[in-house]
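Heads up, the sequence shown is in the numbering used here, so the first residue is 1 and it goes up one at a time. Shown next, in structure tokens, is the structure this report addresses.
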Amino acid sequence: MDTSERILRLIESLKDFQGNDAFLAIVDDPSDCLYLTNVESSNAVIYIDNKGSDSTVSVYTDNRYYEKFSSAIRKFSSIQVKVAIGELPKISCSAKPLYIDASSMSIARFRTICKDASLVDYHDIGKVLQRLRSVKDDLEVEKLLTATQIADASLLALLQKGILGMTEIEVQRRLDQLLLEHGADSPSFPTIIASGPNASMPHATPTDRTIEATDLVIIDFGASYKGYHSDTTRTVKASNREFTAAEARIIEAVLAAHSLGVETLKIGSIGNEVDQAVRDSMSADDREHFIHSLGHGVGLEIHEYPFLVPNSTDKVEADHVATIEPGLYFAGKVGVRIEDAYRVTKNGNVRLSSLPQVIA
Ligand SMILES: [Mn+2]
Numbered sequence: 001m002d003t004s005e006r007i008l009r010l011i012e013s014l015k016d017f018q019g020n021d022a023f024l025a026i027v028d029d030p031s032d033c034l035y036l037t038n039v040e041s042s043n044a045v046i047y048i049d050n051k052g053s054d055s056t057v058s059v060y061t062d063n064r065y066y067e068k069f070s071s072a073i074r075k076f077s078s079i080q081v082k083v084a085i086g087e088l089p090k091i092s093c094s095a096k097p098l099y100i101d102a103s104s105m106s107i108a109r110f111r112t113i114c115k116d117a118s119l120v121d122y123h124d125i126g127k128v129l130q131r132l133r134s135v136k137d138d139l140e141v142e143k144l145l146t147a148t149q150i151a152d153a154s155l156l157a158l159l160q161k162g163i164l165g166m167t168e169i170e171v172q173r174r175l176d177q178l179l180l181e182h183g184a185d186s187p188s189f190p191t192i193i194a195s196g197p198n199a200s201m202p203h204a205t206p207t208d209r210t211i212e213a214t215d216l217v218i219i220d221f222g223a224s225y226k227g228y229h230s231d232t233t234r235t236v237k238a239s240n241r242e243f244t245a246a247e248a249r250i251i252e253a254v255l256a257a258h259s260l261g262v263e264t265l266k267i268g269s270i271g272n273e274v275d276q277a278v279r280d281s282m283s284a285d286d287r288e289h290f291i292h293s294l295g296h297g298v299g300l301e302i303h304e305y306p307f308l309v310p311n312s313t314d315k316v317e318a319d320h321v322a323t324i325e326p327g328l329y330f331a332g333k334v335g336v337r338i339e340d341a342y343r344v345t346k347n348g349n350v351r352l353s354s355l356p357q358v359i360a
């Protein structure tokens with residue numbers, strides 16, 4: 001999809017938002033601006049001034065990005081967009097409803113923009129933007145798939161050389177290096193390497209602990225590629241040995257929970273229901289050891305709509321891409337997590353990674 005089509009789709013969604021076609025929407029979340037313009041920047045504010053079928057769209061940035069935005073926007077086929085530098089224009093908000101993403105815009109910026117901020121009421125369009133971005137077009141899926149393939153190949157290369165005797169930090173650095181060598185722009189997020197007893201902490205930071213032959217090691221990592229993120233977790237043996245009976249039991253339980261999550265992730269399912277179904281499928285004992293939420297959408301941000309977490313009312317739609325990542329953690333002993341991202345299709349969903357879920 002041409003990115004200018006995305007702006008038009010946003011305008012249509014904003015008209016539906018409150019059934020009002022006169023509004024001023026201001027978008028300043030960096031991922032939203034990237035989504036709408038295809039330009040990565042640290043300073044962009046998009047004004048959409050709408051009245052009926054008449055839309056004036058302006059991107060405000062600074063000299064560092066002016067040329068990039070101008071050339072991206074020259075290619076727009078379906079809408080006129082103006083690029084400008086300098087101070088953000090002040091607006092009077094009495095004429096039209098003001099639409100902003102309240103979780104993105106700072107109070108400082110709000111006060112800069114609004115002539116009389118103390119009198120201004122606003123309407124939060126955060127969810128409108130999140131939902132628009134959550135449905136991935138083919139180009140986006142392609143980038144997510146490439147990011148995932150880079151991650152797959154990097155993990156296999158890491159494990160081929162082995163990780164026994166290295167510290168967690170050394171493994172983290174090597175995997176990050178492999179991600180770059182395989183074509184990632186950067187890791188998606190700080191790579192998690194949690195070995196042995198450290199693996200019972202779901203978001204452990206890598207330490208200088210040396211990986212031992214009897215360890216299970218949680219590797220949670222991803223590649224960022226052209227703005228899109230992959231997110232995968234595997235729990236691997238540090239040496240060439242059989243799983244112990246206790247490890248095998250935990251892995252089977254996590255795999256069963258994962259499969260149940262995959263079955264439940266389909267068009268029309270609700271975030272909290274997917275999470276709850278997985279929790280309900282576990283034994284009462286295991287349930288105590290599943291200490292985080294089930295999954296999340298992934299795209300321009302590593303965690304985005306739809307959230308598969310308790311209390312989430314997010315509704316799963318076709319072409320959502322979301323992770324399923326159940327885990328079981330036994331404090332000070334062991335942890336197992338298996339995570340993959342799935343694209344929701346009309347027949348269910350399709351896994352993006354081609355790594356085996358348990359690496360023998
Ligand atoms: Mn994740």
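The beta-carbon is built from N, C-alpha and C at its ideal position, and this holds for glycine as well. Computed from a predicted structure; not experimentally measured.
Which value, in whole angstroms, describes the spacing of the CA atoms of residue i and residue j?
i, j, result
"residue 84", "residue 66", "7 Å"
"residue 328", "residue 273", "20 Å"
"residue 142", "residue 222", "15 Å"
"residue 34", "residue 40", "5 Å"
"residue 168", "residue 325", "21 Å"
"residue 199", "residue 319", "33 Å"
"residue 321", "residue 228", "11 Å"
"residue 61", "residue 73", "13 Å"
"residue 226", "residue 148", "12 Å"
"residue 3", "residue 301", "17 Å"
"residue 217", "residue 358", "12 Å"
"residue 356", "residue 267", "25 Å"
"residue 139", "residue 206", "34 Å"
"residue 152", "residue 224", "13 Å"
"residue 299", "residue 230", "8 Å"
"residue 156", "residue 63", "43 Å"
"residue 284", "residue 246", "17 Å"
"residue 137", "residue 91", "34 Å"
"residue 16", "residue 9", "11 Å"
"residue 111", "residue 99", "14 Å"
"residue 146", "residue 278", "29 Å"
"residue 125", "residue 101", "5 Å"
"residue 244", "residue 208", "25 Å"
"residue 28", "residue 106", "10 Å"
May I ask whether a heavy atom of ligand 1 can be found less than 7 Å away from the beta carbon of residue i?
i, result
"residue 296", "yes"
"residue 181", "no"
"residue 29", "no"
"residue 323", "yes"
"residue 273", "no"
"residue 339", "yes"
"residue 54", "no"
"residue 280", "no"
"residue 176", "no"
"residue 314", "no"
"residue 361", "Examination of residue 361 is not possible in this model, given that the chain is present from 1 through 360 alone."
What is the residue span of the alpha helix (DSSP H) that residue i lies within?
i, result
"residue 272", "271 to 281"
"residue 296", "Careful: residue 296 lies outside any alpha helix (DSSP H), inside the beta strand (DSSP E) at 295 to 297."
"residue 261", "245 to 264"
"residue 7", "3 to 18"
"residue 286", "284 to 287"
"residue 290", "Unbroken run through residue 290: none, as it is neither H nor E."
"residue 131", "126 to 134"
"residue 223", "Not the alpha helix (DSSP H): residue 223 falls in the beta strand (DSSP E), residues 223 to 225."
"residue 108", "107 to 113"
"residue 334", "It is not in any alpha helix (DSSP H) - residue 334 instead sits in the beta strand (DSSP E) that spans 334 to 337."
"residue 169", "168 to 181"
In terms of residue numbering, what span does the beta strand (DSSP E) encompassing residue i cover?
i, result
"residue 237", "232 to 237"
"residue 55", "54 to 61"
"residue 307", "304 to 308"
"residue 141", "Residue 141 -> not in any beta strand (DSSP E); alpha helix (DSSP H) instead, spanning 138 to 161."
"residue 348", "348 to 351"
"residue 35", "First-last for residue 35: 30 to 37, but that is the alpha helix (DSSP H), not the beta strand (DSSP E)."
"residue 241", "Per DSSP, residue 241 belongs to no beta strand (DSSP E) and is neither H nor E."
"residue 22", "22 to 27"
"residue 85", "81 to 85"
"residue 193", "192 to 195"
"residue 341", "340 to 345"
_Cβ pair count under 8 Å reaching 3, the region 256 to 267 against the region 226 to 236_ = Result no; under three Cβ-Cβ pairs closer than 8 Å.
*When the Cβ atoms of the region 321 to 335 are set against those of the region 282 to 298, are three or more pairs found closer than 8 Å?*
yes
*Three or more beta-carbon pairs under 8 Å between the region 19 to 27 and the region 46 to 59, yes or no?*
yes
*Determine contact between the region 131 to 139 and the region 300 to 307, defined as no fewer than three beta-carbon pairs at a distance below 8 Å.*
The region 131 to 139 and the region 300 to 307 touch, with no fewer than 3 CB-CB distances between them shorter than 8 Å.
*Report yes or no: do the region 153 to 171 and the region 187 to 195 share at least 3 C-beta pairs separated by less than 8 Å?*
yes
*Three or more C-beta pairs closer than 8 Å, one from the region 169 to 181 and one from the region 247 to 257: is that the case here?*
no
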